[in-house]
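Let me begin by presenting the structure, written as structure tokens, before commenting on it.
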Amino acid sequence: MAEELYFIKTNPTIAKINLYNKLEREEENILKFLPSDAKDTLESIKNKVKDSVEELTQEELLLIFQWFSKVYSSDHEETKIQLFINGIDLFYEIPTTVHAENFLQILSDYEKLLKQDMNYIVDSKNFNQFLIYGIFLTEIINRDQHQDNILCEYLKPDNQSLYLLAENQCGSTEFDGKIIPDLQHHFTDLYDLTKFYKGSIIKLENQ
Numbered sequence: 035m036a037e038e039l040y041f042i043k044t045n046p047t048i049a050k051i052n053l054y055n056k057l058e059r060e061e062e063n064i065l066k067f068l069p070s071d072a073k074d075t076l077e078s079i080k081n082k083v084k085d086s087v088e089e090l091t092q093e094e095l096l097l098i099f100q101w102f103s104k105v106y107s108s109d110h111e112e113t114k115i116q117l118f119i120n121g122i123d124l125f126y127e128i129p130t131t132v133h134a135e136n137f138l139q140i141l142s143d144y145e146k147l148l149k150q151d152m153n154y155i156v157d158s159k160n161f162n163q164f165l166i167y168g169i170f171l172t173e174i175i176n177r178d179q180h181q182d183n184i185l186c187e188y189l190k191p192d193n194q195s196l197y198l199l200a201e202n203q204c205g206s207t208e209f210d211g212k213i214i215p216d217l218q219h220h221f222t223d224l225y226d227l228t229k230f231y232k233g234s235i236i237k238l239e240n241q
């Protein structure tokens, strides 16, 4: 299971120039961080980045991410800045294992209910629908503890089918009540950060 969960927006135009040039310029350095068949892996990564960074597999993108994390290991904010400069915007993260695992469990249940595989690159509109479902689900589970969530009430009229889906799922889902407020916080923050975004969103699991 995922220990950390990262959410990424990409800028293929910037990556095509900056990330490609960085990979070319620092080839010897990055090869130290890659598996034994590193040379072929790096060539594959460079060719895809030159076309579109969104063509990278989850494993290839994770390799790049881990390389940046090691190079700038003393400063996580600097890692994010350098990724951004190179066309990879790490705009949100869930760094706690139990939260990441439960978030992914809600996603897995949602995919089964809708018979829809969202993959690791997902259209922002589909991702937004899932986040609304997550807001509803966590609100329903947490209803006895707190007053109604204003955002939940605001979203409900235009998303009745998602609310009913969450309501039906609530009875068959068991979560530790202690983590629900944090999960609710993650869903709300992600919704706020993506509600007007029109591109693809990448969900990256670091295990």
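Residue numbers (our numbering): 35 to 241. Idealized CB from N, CA, C, for every residue including glycine.
Spatial distance of residue i from residue j (CA atoms)
i: Cys204; j: Lys146; result: 14 Å
i: Ile236; j: Arg177; result: 31 Å
i: Phe19; j: Phe230; result: Any answer about residue 19 is impossible in this case: the structure gives the chain only from 35 up to 241.
i: Tyr184; j: Leu171; result: What sits at residue 184 in the sequence shown is Ile, not Tyr. Rounded to the nearest angstrom, the two C-alpha atoms are 14 Å apart.
i: Glu38; j: Ser195; result: 31 Å
i: Leu189; j: Glu173; result: 12 Å
i: Pro46; j: Glu77; result: 17 Å
i: Ile214; j: Leu141; result: 15 Å
i: Thr44; j: Asp210; result: 34 Å
i: Ala72; j: Asn193; result: 47 Å
i: Ser281; j: Lys80; result: Nothing can be reported for residue 281, as the shown portion of the chain is limited to 35 through 241.
i: Asp74; j: Tyr106; result: 25 Å
i: Asp154; j: Leu90; result: Here the sequence assigns Tyr to residue 154, which means Asp is not the residue at that position. If I take the Cα positions, the gap works out to 11 Å.
i: Thr131; j: Lys149; result: 26 Å
i: Gln163; j: Ile51; result: 33 Å
Extent of the continuous alpha helix (DSSP H) run through residue i
i: Asn81; result: 72-85
i: Leu68; result: Counting along the chain, Leu68 falls outside any alpha helix (DSSP H), and DSSP gives it neither H nor E.
i: Leu57; result: 54-59
i: Glu201; result: 194-204
i: Phe221; result: 214-228
i: Ile184; result: 184-189
Residue interval of the beta strand (DSSP E) (run including residue i)
i: Asp157; result: 155-157
i: Asn240; result: 234-240
i: Glu38; result: 38-44
Integer Cβ distance of residue i from residue j, believed to fall under 8 Å
i: Ile169; j: Cys186; result: 6 Å
i: Tyr225; j: Ala200; result: Rounded, the Cβ-Cβ distance is 14 Å, inconsistent with contact.
i: Ile42; j: Ile122; result: 6 Å
i: Ser234; j: Asp157; result: 6 Å
i: Leu124; j: Tyr54; result: That pair is no contact at about 19 Å.
i: Asn240; j: Leu68; result: Rounded, the Cβ-Cβ distance is 16 Å, inconsistent with contact.
i: Leu227; j: Tyr126; result: 6 Å
Practice task
Check whether the region 133-141 touches the region 207-221, counting contact only when three or more Cβ pairs, one atom from each stretch, lie closer than 8 Å.
Solution key: yes
Handout entry: Contact between the region 99-119 and the region 82-90 (3+ Cβ pairs under 8 Å)
Key = no
Problem - Within the region 79-136, ranges of the beta strand (DSSP E) (whole runs, at least 3 residues) - result: 122-128
Problem - Cβ contact check for the region 61-80 and the region 95-105: 3 or more pairs under 8 Å - result: yes
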